[in-house]
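In terms of my numbering, the sequence shown opens at residue 56 and continues consecutively.
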Amino acid sequence: MVGDPWYKTTLRWAQTNLVEIDPERYDDKFWREHWRRTRVQGVIVNAGGIVAYYPTELPFHHRALKLGERDLYGEIVKAAREEGLVVIARMDSNRVAEDFYRAHPDWIALDIDGSPYRQAEKYVTCINSPYYSEYLPAVMREIISRSHPEGFADNSWAGLGRASICHCANCREQFRAFAGLDLPQKHDWSSEAYRQWIRWNYRRRSELWAFNDRVTREAGGPDCRWMGMISGDVLNNGNRFIDLPEILALSPIVMLDHQRRNGVDGFEQNTEAGKRLHEVGGWDKLIPESTPQYQLGAPAFRLASMPPAEVRLWSSSAFAGGIQPWWHHIGAMHEDRRQYNTAEPIFRWHEANQDILVNRQPVADVGVVWSQANHDYLGQDRARDVTLNPYRGAGKALDKAGIAWLPVHADAIAGASGRIKVLILPNLGAMSPAQVAAVEAFAASGGSVIATSESSLYGEHGTRLDDFALAGLFGVHRRPGAHGGQDAPDASIETHARHSYLRLSPELRAGLYGPHDATAPAAAGTRHPLFAGLDGADTLPFGGYLPSVAVDAGTEVLATFIPDFPIYPPETAFMRTFRTDLPAIAVRQGPAGGKLVWLVADLDRCFAREEQFEHALIIANAVRWALGGELAISIEGGHGLVTPTLYAQGKRQILHLNNRLLTSRIPGRQDELVPVGPVTVRLRSAGKPPAQVDLRVAGKQVQARSEGNSLVFEAGAILDHEVAVIDWN
Ligand SMILES: [Zn+2]
56 MVGDPWYKTT LRWAQTNLVE IDPERYDDKF WREHWRRTRV QGVIVNAGGI
106 VAYYPTELPF HHRALKLGER DLYGEIVKAA REEGLVVIAR MDSNRVAEDF
156 YRAHPDWIAL DIDGSPYRQA EKYVTCINSP YYSEYLPAVM REIISRSHPE
206 GFADNSWAGL GRASICHCAN CREQFRAFAG LDLPQKHDWS SEAYRQWIRW
256 NYRRRSELWA FNDRVTREAG GPDCRWMGMI SGDVLNNGNR FIDLPEILAL
306 SPIVMLDHQR RNGVDGFEQN TEAGKRLHEV GGWDKLIPES TPQYQLGAPA
356 FRLASMPPAE VRLWSSSAFA GGIQPWWHHI GAMHEDRRQY NTAEPIFRWH
406 EANQDILVNR QPVADVGVVW SQANHDYLGQ DRARDVTLNP YRGAGKALDK
456 AGIAWLPVHA DAIAGASGRI KVLILPNLGA MSPAQVAAVE AFAASGGSVI
506 ATSESSLYGE HGTRLDDFAL AGLFGVHRRP GAHGGQDAPD ASIETHARHS
556 YLRLSPELRA GLYGPHDATA PAAAGTRHPL FAGLDGADTL PFGGYLPSVA
606 VDAGTEVLAT FIPDFPIYPP ETAFMRTFRT DLPAIAVRQG PAGGKLVWLV
656 ADLDRCFARE EQFEHALIIA NAVRWALGGE LAISIEGGHG LVTPTLYAQG
706 KRQILHLNNR LLTSRIPGRQ DELVPVGPVT VRLRSAGKPP AQVDLRVAGK
756 QVQARSEGNS LVFEAGAILD HEVAVIDWN
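Quick look at the structure:
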């Protein structure tokens with residue numbers, strides 16, 4: 056709205072990330088033209104920190120190699136102002152040159168031997184030193200006095216990561232004041248000093264953020280906000296001690312730096328990042344995302360064009376997650392000029408459709424619950440295996456089934472009631488009593504809950520309990536012992552520790568085509584809806600981790616565990632133990648009409664790792680059973696490759712359909728768009744009459760029809776994405 060501050064209104068961003076020789080070659084005319092063509096409203100301009108792009112008067116503030124007395128930063132700011140653009144001063148503040156170190160050795164982070172932490176030829180500064188409390192504020196004040204930027208964005212603001220303990224005098228004193236303890240000597244999650252050090256580090260980043268924001272507002276006015284760049288990778292945030300709920304509460308806009316693919320997931324990781332950050336920070340906040348127009352594989356090629364298909368898939372995945380576009384080039388001059396043509400069509404589409412891309416609320420049936428504490432205190436240094444893969448596997452299973460879902464923070468479960476019908480707790484082991492109570496209340500109000508593996512077996516700081524805190528709700532109790540493992544299995548067929556199976560009940564094979572089996576019970580009864588589509592199999596591959604549990608009366612065991620047996624040589628590959636009574640999947644009715652499912656076998660984690668389709672199918676079936684077939688949305692014809700993300704905006708619904716087909720062996724790299732479909736969309740309509748459907752990518756309207764409680768329409772084939780706008784009467 057008119058009169059709103061810049062951080063509420065600036066939807067499209069540009070960044071020419073200057074390199075040190077750019078003062079000699081920056082082409083003002085070209086970049087102005089490029090701003091106009093790409094319809095940006097804000098620019099991020101390199102100002103100071105590691106390198107200054109203006110004639111700074113501060114000692115040791117290193118000027119760019121070719122800057123001389125020129126004020127390139129100031130010239131770009133002036134040009135941007137003439138073009139009517141918002142200006143953010145970019146800083147990068149975590150390391151300094153040798154001369155700086157000699158002058159202020161006490162501002163540099165030290166290892167346990169008292170040697171400075173170094174990155175290449177630079178020295179890493181300690182966030183608890185006067186470099187952050189005195190020197191950087193002076194830089195910010197100097198920049199503000201010269202150019203009055205609308206705000207600041209700092210690249211690597213959070214200092215040393217979790218892998219490095221700083222032993223400088225500042226850290227020693229400040230940690231003692233916080234915890235009354237000496238700094239931990241090594242990484243040891245079982246030591247109280249280390250766990251306190253983790254907590255202190257989170258606190259210090261939140262304090263530093265608030266401090267920097269005070270500095271810029273005092274010098275630059277109430278809307279001159281300071282923002283650190285935020286990663287879209289949840290473990291990366293933990294490794295840098297960024298407490299997302301605390302930090303996002305401090306930040307009026309989220310400057311997202313999620314440029315690098317994780318190499319495991321496809322483009323959907325960008326939709327997930329947007330949804331997760333919005334769920335924590337609020338859906339009214341803008342989240343522009345720095346999007347490389349250059350190649351960011353391994354290795355990265357800063358000067359080479361990223362294939363347009365890859366930028367389009369990443370950007371459209373961002374839009375589905377409520378993220379705004381921000382083009383990013385490294386350096387102001389490139390001989391590979393293909394990269395200058397990529398952003399314009401994406402940004403023009405965004406401008407033409409911005410009415411449906413912001414100011415909206417998500418609609419989803421399922422919430423997948425996560426928390427930083429679970430990744431930290433349960434995951435520790437194995438978080439990828441222990442806590443992240445279960446979360447990823449649950450999300451991937453829902454994506455494959457075309458089920459709309461949201462990442463829900465464990466502290467926000469209470470707010471999910473009424474908005475979401477099914478909660479998935481993917482090995483959410485570390486839970487606070489309040490989080491446990493919120494899950495119980497969710498079930499007591501009619502919600503369904505799917506818990507996996509060791510959810511609720513630990514306190515919020517990782518202390519193991521005698522039994523699951525949710526044992527009473529589910530009627531599932533932890534017993535001593537476990538089978539398998541949480542890490543990746545040994546791929547050698549000479550080993551068989553993970554060659555385990557699940558036995559489904561009732562066993563139906565006596566009535567199916569196949570050899571006579573004296574061990575088969577008479578085929579009787581029907582399978583539970585969790586096993587829809589699996590009637591032909593009495594056993595399924597497993598290969599994961601199974602904690603031993605026992606169940607109460609009233610809780611039904613649908614599948615049991617079959618222990619591992621040899622794989623090789625083939626003559627030895629037969630079950631040694633055909634049947635156990637170890638529960639692998641248990642279900643019961645919830646207290647108020649919902650369903651409760653405990654996937655004791657970690658099918659979510661296994662699916663993230665091995666992609667056995669049956670594991671994903673059971674997770675999706677559990678959700679469908681819980682919803683009683685009443686999904687907010689379902690998709691036909693997408694082959695599991697089209698994922699829906701649904702929003703409401705007044706009387707409208709806005710549906711993103713994203714193509715997830717990967718053509719590269721490295722997920723997230725792609726040089727070609729391959730259409731998937733045509734797809735048919737079925738939306739829960741509560742009997743409302745059919746409405747016109749606007750396809751904003753195809754640029755046409757299609758007629759919808761009513762079928763029972765559903766609105767059905769054809770969305771065509773999906774190239775990179777489609778966005779359907781349904782205007783309800
Ligand atoms: Zn320090």
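Yeah, the Cβ is synthetic: ideal placement off N, Cα and C, and Gly gets one too.
Under the 10 Å beta carbon count, G683 is surrounded by fewer than 16 other beta carbons and is classified as exposed. A residue is listed when its beta-carbon falls short of 6 Å from at least one non-hydrogen atom of ligand 1; in chain order these are A164, C181, N183, C221, C223, N225 and C226. Within the region 414-502, the complete beta strand (DSSP E) runs of at least 3 residues fall at 416-418, 421-425, 460-464 and 477-480. In the three-state scheme derived from DSSP, where H, G and I count as helix and E and B as strand, G732 is classed as strand. Counting only runs that start and end inside the region 690-771, the beta strand (DSSP E) elements of at least 3 residues fall at 697-704, 707-714, 731-739, 747-750, 755-758 and 760-762.
In this structure R269 is exposed. Its beta-carbon is surrounded by fewer than 16 other beta-carbon atoms within 10 angstroms. Within the same chain, I411, R415, Y702, V778 and V780 come within 7 Å of I709 by CB-CB distance, once the 5 residues on both sides are set aside. For L717 and G539, the gap between their C-alpha atoms comes out near 31 Å. Under the DSSP assignment, P363 falls in the alpha helix (DSSP H) whose first and last residues are P363 to A375. Remark: fewer than three beta-carbon pairs, one from each stretch, lie closer than 8 Å, so the region 243-260 and the region 270-278 are not flagged as touching.
Listed in chain order, the non-local C-beta contacts of P343 below 6 Å within the same chain comprise W68, Q379 and W381, local neighbours out to five positions each way being set aside. K650 carries a strand assignment under DSSP once its states are collapsed to helix, strand and coil.
When the Cα atoms are used, T610 and P576 turn out to be separated by approximately 22 Å. Under the 8 Å Cβ criterion, the region 386-403 counts as touching the region 82-97, having at least three qualifying pairs. Comparing C-alpha distances from H670 to each of M195, Y172, E323 and G598 shows the shortest one belongs to G598. Note that the C-beta distance between A164 and L215 is below 7 Å. The straight-line gap separating the alpha-carbon atoms of L601 and R737 is approximately 37 Å.
Under the Cβ criterion (8 Å, minimum of three pairs), the region 672-679 counts as touching the region 586-596. Shown here for A608: same chain residues with a beta carbon closer than 8 Å to its own, the five before and five after excluded, namely G530 in chain order. In the structure shown, E273 falls within a helical segment according to DSSP collapsed to helix, strand and coil. DSSP places Y187 in the helix class (H, G or I) of the three-state scheme. Excluding sequence positions up to five before and after A452, its CB lies within less than 6 Å of the CB of F662, A671, I674 and A675, all in the same chain and listed in chain order. Spatial neighbours of I253 in its own chain (CB-CB distance under 7 Å, excluding positions within 5 residues in sequence) are listed in chain order as D431.
Contact check between the region 206-215 and the region 147-164: three or more CB pairs, one atom from each, fall below 8 Å, which counts as touching. P445 is positioned such that its CB atom lies closer than 7 Å to that of T507.
Sequence-distant partners of Y172 (beyond 5 residues in either direction) whose C-beta falls short of 8 Å from its own C-beta, in its chain, are I163, A164, L165, D166, Y178, V179, L215, S219 and C221. The count of Cβ pairs closer than 8 Å, one atom from the region 299-318 and one from the region 328-337, reaches three, so the stretches are in contact. In the three-state reduction of the DSSP assignment, Y513 falls in the strand class. Around the CB of I721, fewer than 16 other CB atoms lie within 10 Å, so the residue is classed as exposed.
By the neighbour-count criterion, in which 16 or more other beta carbons inside 10 Å mark a residue as buried, R660 falls on the buried side.
Looking only at A677, N784, V734 and P733, the smallest Cα-Cα distance to G649 is reached by A677.
In the structure shown, the three-state DSSP call for M195 is helix. Distance check between G139 and each of G580, V95 and N291 places V95 closest, using alpha-carbon atoms only. Taking G566 as reference, the option from G591, G318, K340 and S555 with the minimal CA-CA separation is G591. In the DSSP assignment, I302 falls within the alpha helix (DSSP H) that extends over L299 to L305. Here the alpha carbon of R331 sits roughly 31 Å from the alpha carbon of K755.
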